[in-house]
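Top to bottom, those sequences are chains A and B.
Residues are numbered in the working numbering as their position in the first sequence, beginning at 1, plus a constant of 164.
Residues are numbered in the working numbering as their position in the second sequence, beginning at 1, plus a constant of 1.
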Amino acid sequence: MNKEPILKVNGITKNFGGIQALSNVSFDVHAGEILGIIGPNGSGKTTVVNCITGFVKKSSGHVFFRGKDISRKPPHKIADLGVTRTFQIMRPYYSLPAYKNLVIPLFSPRAKRTGGWRGGGRLGDRNTVGIDILEEIGFERDSYVPYKLAATLPTGYLKRLELARCLALKPEVIICDEIFSGLSMSEIASMVPLIERLQMEGITLIMIEHRLRELFRVTDRIMVLNFGEKLMEGNPKIVMANEEVKAAYFGSQTIQEVMDHA
Amino acid sequence: MTLPSEQQRKERIDRGIKIRCDSIYAIMSHRELSYLALPRLILIAGMLILPFVVPSMYWQRVFTISCIYALLAISFDFLAHYVGLVSLGGAFFVGIGGYLAAIANTSLGLSPWLTVPLASLVGGGLCTLLLLPCLPLRGVYFAIVSLMYPLFMARVIEALDILGGTDGIMGIDSFSNRWVEQYFIICILLLILFGARRLVNMDIGLVLRGVKDNDQAIRASGISVTFYKSVAVFLASAMGCLSGACLVHIYMWSGISLFALDFSIIPIAATVIGGSGTLVGPLLGCLILVPISELLRDFGTLRIVFYALILVAFIIFRSEGIMVYGQRKYHQFERWIKY
């Protein structure tokens with residue numbers, strides 16, 4: 165693909181004290197694709213997200229969004245440009261009802277500019293728009309669920325609420341940090357079509373996931389991280405056939421195999 | 002009435018008028034209208050009638066001072082409960098507002114009607130500017146820094162002998178008469194109380210509550226946390242400066258006692274007694290605490306002991322505060338049921 169990538173990550177490195185969480189990780193994300201990022205626990209997946217979205221300061225390296233350097237921007241500026249994220253540990257406003265959780269992102273400068281996910285350029289009453297977005301994302305409109313306090317909602321709804329918070333900004337890129345984890349099989353089954361629909365609407369997605377089977381259903385391309393380094397990237401089938409990935413991710417069948425790769 | 006035992010628990014049921022959520026009401030009849038409006042009307046009427054009811058000019062003055070403290074308490078409650086910034090800077094706000102009003106009155110010759118709004122706005126801006134570097138702090142750290150400012154300002158004025166030094170600034174105009182003074186402060190207080198109530202339930206208020214709840218999610222929503230924190234600090238410090246400016250015109254004197262920690266501590270005590278997060282609670286707390294503190298003057302030095310005992314009793318027996326308790330009783334049925 166010779167098109168300019170929408171998001172270009174160029175050699176980011178992150179040290180936490182003496183621990184190197186990321187070393188020289190580079191990758192491109194093209195508009196409209198879904199990139200999966202996998203890797204064993206502690207391999208730096210969430211740190212990648214934090215570095216791209218500005219929640220953590222990079223030790224070195226650059227991130228370009230549509231050719232523009234966003235490496236030194238604060239998180240709210242990056243979100244304002246349209247690069248949004250969900251949190252692995254859900255961060256709703258627990259003391260507010262679910263739909264009021266969306267009033268806050270709808271109040272942001274970006275939502276005012278773009279009109280939110282479903283508003284046609286003009287933002288009406290934020291409560292109504294909030295409930296509309298919740299309905300689209302799987303909250304039953306005529307039930308009590310959208311009006312319940314976020315603190316009383318189960319995990320499945322909270323994950324959707326995380327996604328809804330991103331959608332309220334009418335984002336160009338959503339980075340989903342383990343959006344499937346902690347969900348039941350049926351909840352995942354209803355989440356997958358939602359992800360596919362977002363892609364069809366032209367939203368670029370980066371998905372960090374441990375649930376490989378569901379991930380492979382939606383992604384075009386995956387990248388494997390191990391100990392803060394990029395192991396490889398490419399088509400899911402080719403990547404998973406790679407011996408090195410197998411060793412890092414699933415553990416090798418025998419000690420001998422590990423020794424071979426050492 | 003049945004006594005609680007191990008087989009029983011208290012069941013609480015919301016009254017039928019509240020449906021679905023806090024912001025949607027179904028108003029059908031006079032009874033329901035008055036259910037909502039009556040408590041507010043009682044408060045407004047009570048505040049307006051009180052100056053006539055109190056026995057002497059002395060107690061009228063005590064009531065005015067209570068209202069000044071109430072402004073500070075509302076400002077504290079707003080910052081602490083809705084923005085998550087525990088501020089001990091009440092004395093700082095009062096001092097800045099007071100001195101600004103004093104300077105504007107004596108040097109520029111402006112009337113109290115101009116100095117009060119001027120001191121609130123300029124003072125609010127000044128306090129926000131000075132507190133800006135510590136806005137990333139939260140909780141007890143913000144409290145410590147905001148406590149430092151009034152101590153710092155008082156010593157600076159004392160040491161450099163500026164702004165009248167320890168003598169203070171004298172010869173400040175008072176309001177035209179005591180009724181004007183009284184009702185001006187009462188009206189301002191009621192306006193700010195209902196204004197703050199409305200603000201925290203508006204969309205911008207939700208953002209402020211979000212800042213308290215979860216500032217990472219605010220950042221992820223493309224909203225600047227520092228901007229909204231400074232907006233909140235501006236509003237709260239403008240309230241504080243307003244009360245300081247009024248105080249200076251009441252006493253006709255401005256001195257370093259404006260930076261006394263009473264202005265930081267009593268509003269907090271009043272908020273604890275009145276119920277934090279209700280905004281009207283702190284007002285009631287001040288109307289109780291400040292007169293009690295005056296009554297206890299007869300006991301001389303033992304005054305503080307009794308004062309402390311009352312506070313401790315409140316915290317032990319009604320730790321949630323009067324208004325939280327009152328609102329719960331008003332909005333919910335309670336009954337004992339068997340398991």
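Don't be surprised by glycine CBs; every beta carbon is placed ideally from N, CA and C.
Members of the segment 196-211 of chain B that neighbour chain A once the beta carbon cut-off is set at 8 Å: D204, I205, L207, V208, R210, G211
Which value, in whole angstroms, describes the spacing of the CA atoms of L192/B and V212/B? 25 Å
Could you tell me which chain A residues have their CB closer than 7 Å to the CB of S222/B, listed as they occur along the chain? A243, I268, P269, S272, R329, L333
S207/A and G392/A - do their beta-carbons sit closer together than 8 Å? yes
Does Q328/B have its Cβ less than 8 Å from a Cβ in chain A? no
When the Cα of A144/B is compared with those of F93/B, R220/B, W114/B, D174/B, which residue comes out closest? F93/B
Straight-line gap, F271/A to L190/B (C-alpha atoms, nearest Å): 29 Å
Could you spell out where the beta strand (DSSP E) holding A117/A opens and where it closes? In the structure as shown, chain A starts at 165 and stops at 426, and residue 117/A therefore has no counterpart that could be examined.
Can you check whether the CB of L266/A is closer than 8 Å to the CB of A328/A? yes
Helix, strand or coil: how does DSSP classify Q183/B here? helix
In chain order, which continuous runs of the alpha helix (DSSP H) of length 4 or greater are located wholly inside the segment 159-221 of chain B? 179-202, 204-214, 216-221
Segment contact flag, the segment 290-298 of chain B with the segment 176-185 of chain B, C-beta cutoff 8 Å, min 3 pairs: no
Less than 8 Å separating the beta-carbons of D78/B and G327/B? no
Should G284/A be flagged as near chain B, meaning a C-beta pair shorter than 8 Å? In this predicted model, G284/A has a pLDDT of only 49, less than 50, meaning its place in the structure is not dependable enough to derive any value.
So what does DSSP say about M349/A, is it helix, strand or coil? helix
Would A218/B pass as an interface residue toward chain A - the criterion being a Cβ-Cβ separation below 8 Å? yes
Chain A contact residues for N215/B, given Cβ-Cβ distances below 8 Å: R255, P256, Y257, Y258
I want to verify the contact list: residues of chain B whose CB lies under 7 Å from the CB of P239/A, in sequence order. R220, A221
Chain A partners of S225/B, CB-CB under 7 Å? H240
Taking Cβ to Cβ, would you say C215/A is nearer than 8 Å to K172/A? no
List the residues of chain B that T316/A touches, going by C-beta distances under 8 Å, in chain order. Within 8 Å Cβ-Cβ: nothing; T316/A doesn't reach chain B, min ~12 Å.
So with Cβ pairs under 8 Å, would you call T278/A a contact of chain B? no
For I242/A, which of helix, strand or coil comes out of DSSP? helix
Cα-Cα separation between L194/B and M203/B, rounded to whole angstroms: 14 Å
Please classify Q333/B as buried or exposed, where buried requires at least 16 other C-beta atoms within 10 Å of its C-beta. exposed
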